[in-house]
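Okay, structure first, notes after.
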Amino acid sequence: VKSINKTDGQTLLHAFGSLEKILNSSNKQLSVCPGLGTLKGQRLYQAFNQPFKR
Numbered sequence: 038v039k040s041i042n043k044t045d046g047q048t049l050l051h052a053f054g055s056l057e058k059i060l061n062s063s064n065k066q067l068s069v070c071p072g073l074g075t076l077k078g079q080r081l082y083q084a085f086n087q088p089f090k091r
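Here it is in structure tokens:
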């Protein structure tokens, strides 16, 4: 996701504790993560939950 930078990634990992927990989090959980906000949270959630194109 283009709008997610290194600092956002570190913040997410610190807040959730693991990549698995980040990937399984809800839209709301991502959006309330400090420094992310609603738009970045939505974009991440959508990226994690849409099927891969083949």
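Just so we're aligned, residue 38 is where the sequence shown starts under this note's numbering, counting upward by one. Even glycine gets a Cβ: it sits at the ideal position worked out from N, Cα and C. In this text, all values refer to a predicted model and were calculated from it rather than measured experimentally.
Relative to Arg80, the option among Leu67, Gly72, Pro71 and Pro88 whose CA is nearest is Leu67. Rounded to the nearest whole angstrom, the C-alpha separation of Asn64 and Gly78 is 6 Å.
Apart from the 5 residues on each side of it in sequence, Ser62 sits with its Cβ closer than 7 Å to the Cβ of Phe53 in its chain, given in chain order. The beta carbon of Leu50 is closer than 8 Å to those of Leu56 and Ile59 in its chain, skipping five residues each way along the sequence.
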